[in-house]
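Following this note's numbering, the numbering of the sequence shown begins with 2 at its first residue and continues without gaps. In this text, a Cβ means the ideal position worked out from N, Cα and C, and glycines have one as well. Worksheet for the structure shown next.
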Amino acid sequence: MTVEADRVCLTESLGAAVALAGARPFVSMGTATLTYREFNSAVIACSTQLSALGLQAGERVLIVNSAAMQTAILSFACAKLKCVFVIVDPGTSSATMDYILHDCCPALIMGDMAADPRYQAVNVHPLGTTGWLDTRRDSPYVQKGTVCILYTSGSTGQPKGVAISNSGLQFVLAAIQQRLSYLDDDVIACYLPLSFDYGLYQIFLACQARAHVVLRSPAPTSALLVRAIKQDRITVLPLVPSLWEVMVYQFRIRPHVCAGLALRSITSTGQTLQTQLIDEMRGFLPHVEVFPMYGLTECKRVSILLPEEYLSKKGSVGRPLSGTHVWVCDEHGASLIPGEIGELVVAGDHVASYWTSGKTVNDDDVFRTVDSQQRLHTGDYGYIDTDGFIFLVGRRDMLIKRRAYRISLSEIESSLYACPFIKAAAVMWDAEKDMLVGVVVLHPLTDKRVEHIHEYLSGVLEAHKLPDQYIALESFPLTTNGKVNRTALKELWLTRTQ
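Here it is as structure tokens:
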């Protein structure tokens, strides 16, 4: 089956929703709720004022705004004017913010940077006291055909801008909807930053399905997460693994809170979700459908595992989306047979390009053209079985050669997650010292200690896969997208071992 996506723009999709469901709630945050008609009116008012400022098609608007409702309105307003919106989390470090500012060359900057004396604020209503910053003198470039630029989290290096085209956006929205089947009476949680594609696309998917999306920023944690899901009457819950862990832990210590949830489905992406956590969630919420997914900012979504496929394909992230082609290749780019491990390579209309200093570019290590088709070399390693299901092994830097053995750090992490007294785990590799280090967060109520971990792992892993050292932390550092920040984790580990 193929996806036949009507390549409409975001505002045309919103217009269709207004025509069919204008009085229904679209976006809520706090005590405020906008219907589709009210949201569309706000978009028109915002785009009128943007146009009055002289914005031209293809120019960038950098949004650094802690008010998620305003960010959502502004995104659609930019799309209406064929401008390019760039959403950056307000918590981004100053160094990263300066890099993005220089890289995307915005014509206007909106939001929490309004207090920065380096820029001239331009007052725009009805967006409250939030200012606009006019930097058009530094923006000579115009990039046509791009809806938005999404910057990667930068958890393993400098963030990269990914230029998302309208055709690619509409293609992948239709393909995701084909698998997830959002309904018009769904209430979708968006507890993730809108600078994160997984959060931003919830608004687009909701609009496509005429559903209701609830924004919360920052994401509720601990007991507040389950409370928010109940209070918001959430039926569709997109989670990253760190929030999944929080939710499962709350169910472990307070099983009674499972009652009264309106949930019908949970999705997960961002990092590998351990099967132990999926099994626990399915046990606590047997009536809820679970969708493990795999994707990258460079193409949004690659595959989705359907609930009915989970037991027979446990550990898989599903089959490629309709219209998406995936190969497993060796280091020379040759395709491998089913079951052989290699790098995952993706092709489809949703494969994007990088944006660098005012123009789209193709990094030859990531994007390669074969037979006039752009292919994305993901840097993720895994295999495809004979039925076409993808199984991830780990990132390129999660596969190491040690003492003549090829070792997957992801496999060691999975074994640590399976340990009953470990809440979270990561494995670090120091090649210079030839040292494997297991970094863990122990369950608060356990009486076990770090020294018990080695004893447990010795029973499930071969000797050459056992870490040389274990470090226990109270919690893991996370990126603004809720992913484990491995760079910060390594720095923390090195500080402890000095």
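CB ALA229 to CB ARG217, shorter than 8 angstroms?
As a position in the sequence shown, residue 229 is number 228, starting the count at 1. As a position in the sequence shown, residue 217 is number 216, starting the count at 1. Their beta carbons are under 8 angstroms apart, which means ALA229 touches ARG217 by this criterion.
Status (buried if at least 16 other CB within 10 Å, exposed otherwise) for GLY319:
Numbered from its first residue, the sequence shown carries residue 319 at position 318. Buried.
Can GLN251 and VAL227 be called in contact, C-beta distance under 8 angstroms?
By one-based count along the sequence shown, residue 251 stands at place 250. By one-based count along the sequence shown, residue 227 stands at place 226. Yes, they are a contact pair.
Given ARG220, which residues of its chain have a CB within under 6 angstroms of its CB, disregarding the five upstream and five downstream residues?
Taking the first residue of the sequence shown as position 1, residue 220 is located at position 219. The question names Arg, but residue 220 in the sequence shown is Ala. Correct list, in chain order: TYR192.
Determine the DSSP secondary structure at ILE235, reduced to helix, strand or coil.
In the sequence shown, residue 235 corresponds to position 234, counting from 1. Three-state DSSP puts ILE235 in coil, outside helix and strand.
THR93, buried or exposed, once every other Cβ within 10 Å from all chains shown has been counted against 16:
As a position in the sequence shown, residue 93 is number 92, starting the count at 1. Buried, since its Cβ has 16 or more Cβ neighbours within 10 Å.
Limits of the alpha helix (DSSP H) - the one that HIS455 falls within:
By one-based count along the sequence shown, residue 455 stands at place 454. Start and end: 452-458.
In three-state terms, what does DSSP make of GLU412?
Here residue 412 is taken as the residue at index 411 of the sequence shown, counted from 1. Note: GLU412 maps to helix in three-state DSSP.
For the alpha helix (DSSP H) that ALA96 lies in, which residues bound it at each end?
Counted from its first residue, the sequence shown places residue 96 at position 95. Element bounds for ALA96: 95-105.
Identify, in the order they occur along the chain, each residue of the same chain with its Cβ nearer than 8 angstroms to the Cβ of HIS326, setting aside the five sequence neighbours on each side.
Taking the first residue of the sequence shown as 1, we reach residue 326 at position 325. Here the set comprises VAL347, ALA348 and GLY349.
Go ahead and pull the three-state DSSP assignment for SER156.
In the sequence shown, the residue the question calls residue 156 occupies position 155. Note that SER156 scores 49 on pLDDT, short of 50, meaning its location in the model is unreliable; the coordinates nonetheless yield the value given after this. Note: SER156 maps to coil in three-state DSSP.
Cβ neighbours of SER14 in the same chain (closer than 7 angstroms, five flanking residues each side left out):
Counted from its first residue, the sequence shown places residue 14 at position 13. Excluding positions up to five away in sequence, the list reads CYS208 and GLN209.
Short Cβ contact (8 angstroms threshold) for ILE189 with VAL214
Translated into the one-based positions of the sequence shown, residue 189 becomes position 188. Translated into the one-based positions of the sequence shown, residue 214 becomes position 213. Contact: yes.
Can you grab the Cα-Cα spacing for the pair ARG302 / MET294, in whole Å?
Sequence index remark: in the sequence shown, residue 302 carries index 301 (1-based). Sequence index remark: in the sequence shown, residue 294 carries index 293 (1-based). About 8 angstroms.
Can you give the Cα-Cα distance for CYS47 and GLN272, rounded to whole angstroms?
As a first step, residue 47 is located in the sequence shown; it is residue number 46 there, counting from the start. As a first step, residue 272 is located in the sequence shown; it is residue number 271 there, counting from the start. Answer to the nearest angstrom: the Cα atoms are 35 angstroms apart.
Need the endpoints of the alpha helix (DSSP H) that TYR199 sits in, please.
On the sequence shown, position 198 is the one that residue 199 refers to. From DSSP, the alpha helix (DSSP H) with TYR199 extends over 198-210.
Go ahead and pull the three-state DSSP assignment for VAL283.
If you number the sequence shown from 1, residue 283 lands on position 282. The sequence as given places Arg at residue 283; Val does not occur at that position. Reduced to three states, the DSSP call for ARG283 is helix.
Excluding the five sequence neighbours on either side, which residues of its own chain have a C-beta within less than 7 angstroms of the C-beta of THR298, listed in chain order?
Position 297 of the sequence shown, counting from 1, holds the residue named residue 298. So the qualifying residues of the chain are LEU151, THR153, VAL163 and ASP198.
So for ASP381, helix, strand or coil by DSSP?
Locating residue 381 in the sequence shown gives position 380, counting from the first residue. In the structure shown, ASP381 sits in a strand (DSSP, three-state: E or B).
Could you tell me if VAL451 is buried or exposed, where buried requires 16 or more neighbouring beta carbons within 10 angstroms of its beta carbon?
Taking the sequence shown and counting its residues from 1, one reaches residue 451 at position 450. Exposed.
Strand pairing of ARG369, partner residues [DSSP]:
Sequence index remark: in the sequence shown, residue 369 carries index 368 (1-based). Answer is ARG376.
Skipping 5 residues on each side, what residues in its chain have a beta carbon closer than 8 angstroms to that of VAL143?
Here residue 143 refers to the residue found at position 142 when the sequence shown is read from its first residue. Per-residue confidence for VAL143 stands at a pLDDT of 46, beneath the threshold of 50, marking its modelled position as unreliable; the derived number appears in the next sentence. Only GLN57, ALA58, GLY59 and GLU60 meet the Cβ criterion.
Which of helix, strand or coil does DSSP assign to GLU13?
Sequence index remark: in the sequence shown, residue 13 carries index 12 (1-based). Three-state result, GLU13: helix.
Cβ-based burial, ARG487 [other Cβ within 10 Å; buried from 16]
Taking the first residue of the sequence shown as position 1, residue 487 is located at position 486. Burial call: buried.
So what does THR481 bridge to, in DSSP terms?
For the purposes of this step, residue 481 is taken as the residue at position 480 of the sequence shown. Paired residues: none, contrary to the question.
The segment 405-425 in contact with the segment 366-377 per 3-pair CB rule at 8 angstroms:
no
For THR387, count the other beta carbons within 10 Å of its own beta carbon; 16 or more makes it buried, fewer makes it exposed. Which is it?
Position 386 of the sequence shown, counting from 1, holds the residue named residue 387. Exposed is the call here.
If you compare alpha carbons, which of ASN167, GLY324, ALA69 and ALA212 is closest to GLY200?
Start at 1 with the first residue of the sequence shown, and residue 200 comes out as number 199. Selected option, being the one with the closest Cα: ALA69.
Go ahead and pull the three-state DSSP assignment for SER243.
Along the sequence shown, read from residue 1 onward, the residue named residue 243 stands at position 242. Residue state, collapsed to three classes: helix.
DSSP bridge partner residues for PRO26 (one or two, in chain order):
Position 25 of the sequence shown, counted from the start, is the residue given in the question as residue 26. According to DSSP, PRO26 bridges with THR36.
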